[in-house]
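Asker: Here the sequence shown stands for residues 1110 to 1248, numbered as in the numbering used here.
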Amino acid sequence: MPRADEGKHTFTYSILPHANDFRDAGVIEESWALNQPLYERKIAASNGVLPESFSLVSADAKNVVITAVKRAETDNGLIVRLHDAYDKKSIVTLCVPKDFTKAAICDMLENEVEAIAINDGKITFPLSNFEIVTLKFSK
1110 MPRADEGKHT FTYSILPHAN DFRDAGVIEE SWALNQPLYE RKIAASNGVL PESFSLVSAD
1170 AKNVVITAVK RAETDNGLIV RLHDAYDKKS IVTLCVPKDF TKAAICDMLE NEVEAIAIND
1230 GKITFPLSNF EIVTLKFSK
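(1) Can you give me the Cβ contacts of residue 1176 inside the same chain, cut-off strictly under 7 angstroms, excluding the 5 residues immediately before and after it?
(2) Would you kindly work out how many angstroms separate the C-alpha atoms of residue 1168 and residue 1202, rounded to a whole number?
(3) Taking 8 angstroms as the cut-off, does the stretch 1225 to 1236 touch the stretch 1142 to 1157 (at least 3 CB pairs, one atom from each stretch)?
(4) Just to confirm the assignment, what range does the alpha helix (DSSP H) spanning residue 1143 have?
(5) If we ignore side chains and look at the alpha-carbon of each, how far apart do residue 1244 and residue 1142 end up?
(6) If you reduce the DSSP assignment to three classes, tell me which class residue 1196 lands in.
(7) Take residue 1207 and list the residues in its own chain whose beta-carbon comes closer than 8 angstroms to its own, dropping the five residues that flank it on each side.
(8) I'd like to know whether the C-beta atoms of residue 1239 and residue 1184 end up nearer to each other than 8 angstroms.
(9) In angstroms with no decimal places, state the Cα-to-Cα distance between residue 1134 and residue 1126.
(10) In terms of DSSP beta bridges, what is residue 1179 paired with?
(11) Sort 1209, 1165, 1166, 1198 by Cα distance to residue 1186 and report the nearest one.
(12) Taking its Cβ as the centre, do 16 or more other Cβ atoms sit within 10 Å of residue 1165, making it buried, or is it exposed?
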């Protein structure tokens, strides 16, 4: 008989009352905030200048959830994995640092499948209902 999941486990439950549709209530965003909390770290003061805001990767569509940003397994490329969380087809614009000059849609093993035009750190592509997309950015 299998003996999986033996030992001590910790569970977190959360109830989020809301009216109408879960999309309008921000349930997806709240669930990510619960399960992936933001950690802070205090650092020493410096004379550097910080921008008002910064994001390594951002998407313009509310239905898009970026689930992974990591270094590619085989080179120094940047892998971004995302999906549609709202059952909504959309045209997505994704922004990355401007020094990336190549972009491609990849399979889940990070093999490049189709090149995408990148312009000034931005790519635009269609995303189907609940589709998962893996992208690779290179310099």
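Ideal placement from N, C-alpha and C gives every residue a C-beta, glycine not left out. From a predicted model like this one, the values you see are computed outputs, not experimental measurements.
Answerer: In brief:
(1) 1190, 1191, 1192
(2) 6 angstroms
(3) no
(4) 1136 to 1144
(5) 24 angstroms
(6) coil
(7) 1229, 1230
(8) no
(9) 9 angstroms
(10) 1188
(11) 1209
(12) exposed
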